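Input: a single structure, listed below in structure tokens.
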Amino acid sequence: MDVVKVLDAKGLACPMPIVKTKKAINEINAGEILEVHTTDKGAKNDLTAWAKSGGHELLNYEEESDVFKFWIKKG
Amino acid sequence: MTVNSMSSKEIAKKVFNNEELFILDVRNETDFQDWKIEGHNFDYLNVPYFDLLDGVEEIMDKIPSNKEVLVVCAKEGSSIMIAEMLSDAGLTVSYLNGGMKEWSEYLEPVKVGSLKDGGEIYQFVRIGKGCLSYMVISNGEAAIIDSTRMTDVYLEFAESKGAKITHVFDTHLHADHISGGRVIAEKTNATYFLPPKDATEVTFNYTPLEGGKNVMIGDTSINIHAIHSPGHTIGSTSFVVDEKFLLSGDILFIDSIGRPDLAGMAEDWVGDLRESLYKRYRELSEELIVLPAHFMIIDELNQDGSVSEKLGTLFSNNHGLNIDDENEFRKIVTENLPPQPNAYQEIRETNMGKITPNVEKQREMEIGPNRCAVR
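These protein sequences, in sequence, are chains W and U. According to our numbering, numbering within the first sequence proceeds without interruption in unit steps and concludes at 75. According to our numbering, numbering within the second sequence proceeds without interruption in unit steps and concludes at 450.
Below you can see the structure in the form of structure tokens.
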């Protein structure tokens with residue numbers, strides 16, 4: 001996967017992971033992929049719903065020793 | 076304009092008093108659909124916080140100016156952000172202190188009756204989740220039934236009443252919430268009673284509570300009489316307190332009955348459920364006041380916030396007690412059941428002592444409504 005930007009949102013509580021993700025996605029081009037790391041459990045449902053409502057595509061999701069990783073393709 | 080913090084206790088009061096409130100719930104739509112703050116006179120608007128990051132202009136005309144406004148999210152962070160944005164736009168609003176997480180854990184004690192010789196029985200209404208637990212107090216001693224994991228609330232309440240907790244009961248092995256019974260028993264040296272048929276896999280010591288047994292609380296001997304009433308689980312046990320109150324656990328609710336499937340045994344237990352509701356309960360006095368372990372909808376609350384009804388009234392009004400045909404009964408309680416409670420298998424394992432998740436994990440497991448009934 002061709003990731004153009006990695007956002008480290010670890011240790012941040014809601015709403016910051018989404019606020020930062022939104023900012024980061026504004027800085028990349030349509031079709032490019034953003035990788036997000038967060039430790040906030042609520043982020044999974046929220047990022048999924050946010051990506052959908054913003055027309056982005058959640059390509060993949062992984063959980064690795066309490067860190068949640070998301071790959072979002074900008075729509 | 077200012078942003079105020081509103082506590083779960085204040086909101087519980089508004090529910091009990093049928094007050095008006097406008098709730099702007101900024102969680103995502105599926106979470107809101109699944110579970111929200113219920114009140115008779117509450118109005119709702121659900122717009123996820125992440126759709127409002129660029130501004131709240133688009134929802135300003137949907138927020139009434141003549142009602143108190145509460146912004147709600149899962150843990151409070153997003154609701155503070157949105158409340159501040161609304162405040163900057165000129166509105167006076169509050170946010171829910173601690174979010175739905177705190178709402179789910181809030182317990183309101185309501186006195187539901189007096190027992191002989193000055194004894195009292197309290198119902199602890201877990202209004203956000205619909206769980207009901209009980210404390211029987213008599214002459215300096217207290218018994219707790221179906222406690223939640225918020226054990227400090229019971230310990231402090233008993234202390235404020237000058238009562239020592241001597242007996243702790245669970246009517247059955249719970250699948251929707253984590254029991255505080257074992258923790259309370261350990262902290263107070265009380266005896267922890269469980270129905271042995273539900274406790275075959277538990278990893279800790281307990282005292283088996285068989286049907287027919289009587290337990291006395293306080294010297295004035297408030298009698299707690301156990302009746303084996305299987306169906307929701309195989310061990311489910313009801314209690315008659317002071318010959319006046321029927322603690323029905325998850326067998327009988329005000330407007331619904333227990334579901335038999337949460338331990339994966341719907342087909343096997345439906346006969347037991349029928350027997351408990353249509354034979355064993357029929358042999359009891361219709362004057363008993365039923366005190367269940369759950370409510371499902373806010374309409375089941377009495378005016379003082381308590382949840383109770385005469386057994387005789389339930390025999391005439393509760394649909395689940397009025398299905399004459401056994402096959403139809405079987406069908407209703409085994410088919411088209413509502414979704415199972417969140418993480419119910421893990422909750423059962425926690426209550427057996429097989430796993431010991433940390434508090435944060437326990438909170439997460441209990442998210443959502445209780446869903447132990449079938450209507």
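Glycine residues also receive a C-beta, built at the ideal position from the N, C-alpha and C atoms. The structure presented is a predicted model; accordingly, all values stated were derived computationally and were not measured.
Under 7 Å Cβ-Cβ, which residues of chain U neighbour residue i?
{"i": "W:D46", "result": "N103 and F125"}
{"i": "W:S65", "result": "The premise fails here: W:S65 is roughly 15 Å from chain U at the closest Cβ pair, so nothing lies under 7 Å."}
{"i": "W:I18", "result": "F125"}
Find the residues of chain W that neighbour residue i, judging by a C-beta separation of less than 7 Å, and give them in chain order.
{"i": "U:S153", "result": "C14 and P15"}
{"i": "U:M156", "result": "P15"}
{"i": "U:S106", "result": "Going by the sequence as given, residue 106 of chain U is Asp instead of Ser. Within chain W, the residues near U:D106 are N45."}
What is the rounded straight-line gap between the Cα of residue i and the Cα of residue j?
{"i": "U:N392", "j": "U:D330", "result": "8 Å"}
{"i": "U:V277", "j": "U:K150", "result": "33 Å"}
{"i": "U:E375", "j": "U:V382", "result": "6 Å"}
{"i": "W:K10", "j": "W:T39", "result": "5 Å"}
{"i": "U:P432", "j": "W:A13", "result": "21 Å"}
{"i": "U:N93", "j": "U:Q415", "result": "30 Å"}
{"i": "U:A87", "j": "W:K74", "result": "43 Å"}
{"i": "U:S169", "j": "U:I112", "result": "15 Å"}
{"i": "U:E85", "j": "U:G114", "result": "13 Å"}
{"i": "W:K23", "j": "U:V365", "result": "55 Å"}
{"i": "U:H369", "j": "U:S222", "result": "12 Å"}
{"i": "U:I287", "j": "U:N298", "result": "Position check: residue 287 of chain U holds Gly in this sequence, whereas Ile was assumed. Their Cα atoms are separated by approximately 12 Å."}
{"i": "U:H249", "j": "U:P367", "result": "13 Å"}
{"i": "U:N116", "j": "W:L34", "result": "44 Å"}
{"i": "U:P271", "j": "U:H303", "result": "11 Å"}
{"i": "U:G256", "j": "U:D325", "result": "16 Å"}
{"i": "U:I373", "j": "U:Q108", "result": "16 Å"}
{"i": "U:Y267", "j": "U:A274", "result": "12 Å"}
{"i": "U:I155", "j": "W:F70", "result": "26 Å"}
{"i": "U:R224", "j": "U:H252", "result": "8 Å"}
{"i": "U:E95", "j": "U:Y197", "result": "27 Å"}
{"i": "U:L120", "j": "U:I422", "result": "32 Å"}
{"i": "U:S80", "j": "W:N45", "result": "26 Å"}
{"i": "U:G194", "j": "U:E180", "result": "27 Å"}
{"i": "U:P305", "j": "U:P139", "result": "49 Å"}
{"i": "U:P184", "j": "U:V200", "result": "6 Å"}
What are the boundary residues of the alpha helix (DSSP H) that residue i is part of?
{"i": "U:L337", "result": "Element bounds for U:L337: n/a, residue is neither H nor E."}
{"i": "U:D347", "result": "A341 to E350"}
{"i": "W:M1", "result": "Neither: W:M1 is in no alpha helix (DSSP H) and is coded neither H nor E."}
{"i": "U:D106", "result": "E104 to D109"}
{"i": "U:Y419", "result": "Y419 to M427"}
{"i": "U:P139", "result": "Note, U:P139: premise wrong, no alpha helix (DSSP H); not H, not E."}
{"i": "U:M160", "result": "G152 to D163"}
{"i": "U:G386", "result": "Here the sequence assigns Leu to residue 386 of chain U, which means Gly is not the residue at that position. It spans L386 to N392 - the alpha helix (DSSP H) in which U:L386 sits, taken as one unbroken run."}
{"i": "U:K176", "result": "G174 to E180"}
{"i": "W:L47", "result": "A43 to G54"}
Can you list the residues of chain W that residue i reaches, using a CB-CB cut of under 8 Å?
{"i": "U:A149", "result": "C14 and G42"}
{"i": "U:T439", "result": "At residue 439 of chain U the sequence reads Glu, which differs from the Thr that was named. Those within 8 Å of U:E439 in chain W are K41."}
Ends of the beta strand (DSSP E) at residue i?
{"i": "U:M225", "result": "First-last for U:M225: undefined, no H or E at that position."}
{"i": "W:W71", "result": "V67 to K73"}
{"i": "U:L23", "result": "Nothing about residue 23 of chain U can be reported from this structure: the residues present for chain U run from 76 to 450 only."}
{"i": "U:P367", "result": "I364 to P367"}
{"i": "U:R201", "result": "E195 to R201"}
{"i": "U:K186", "result": "E183 to S189"}
{"i": "U:S208", "result": "C206 to S213"}
{"i": "U:S323", "result": "F320 to G324"}
Count the other CB atoms within 10 Å of the CB of residue i; is the residue buried (16 or more) or exposed (fewer)?
{"i": "U:G165", "result": "exposed"}
{"i": "U:G237", "result": "exposed"}
{"i": "U:K191", "result": "exposed"}
{"i": "U:H394", "result": "exposed"}
{"i": "U:K89", "result": "buried"}
{"i": "U:E216", "result": "buried"}
{"i": "W:V6", "result": "exposed"}
{"i": "U:A301", "result": "buried"}
{"i": "W:G31", "result": "exposed"}
{"i": "U:M371", "result": "buried"}
{"i": "U:K176", "result": "buried"}
{"i": "W:E63", "result": "exposed"}
{"i": "U:F279", "result": "exposed"}
{"i": "W:P15", "result": "buried"}
{"i": "U:M440", "result": "buried"}
Strictly below 8 Å CB to CB, what residues from chain U border residue i?
{"i": "W:K22", "result": "F125 and L128"}
{"i": "W:A9", "result": "Those within 8 Å of W:A9 in chain U number zero; the least Cβ separation is about 13 Å."}
{"i": "W:A49", "result": "N103, E104, T105, P123 and F125"}
Going along chain W, which residues have a C-beta under 9 Å from residue i?
{"i": "U:D100", "result": "Chain W residues near U:D100: none, gap ~13 Å exceeds 9 Å."}
Does the segment 256–264 of chain U come within contact of the segment 328–347 of chain U, defined as at least 3 CB pairs closer than 8 Å?
At 8 Å Cβ cutoff, the stretches do not touch.
At a cut of 8 Å, does the segment 348–368 of chain U reach the segment 384–391 of chain U through at least three beta carbon pairs?
Output reads yes: the segment 384–391 of chain U touches the segment 348–368 of chain U.
Should the segment 239–247 of chain U be called in touch with the segment 398–411 of chain U, which here means at least 3 C-beta pairs below 8 Å?
No, because fewer than three Cβ pairs between the segment 239–247 of chain U and the segment 398–411 of chain U fall closer than 8 Å, the two stretches do not touch.
Any 3 or more C-beta pairs closer than 8 Å across the segment 94–107 of chain U and the segment 46–61 of chain W
Yes, the segment 94–107 of chain U touches the segment 46–61 of chain W.
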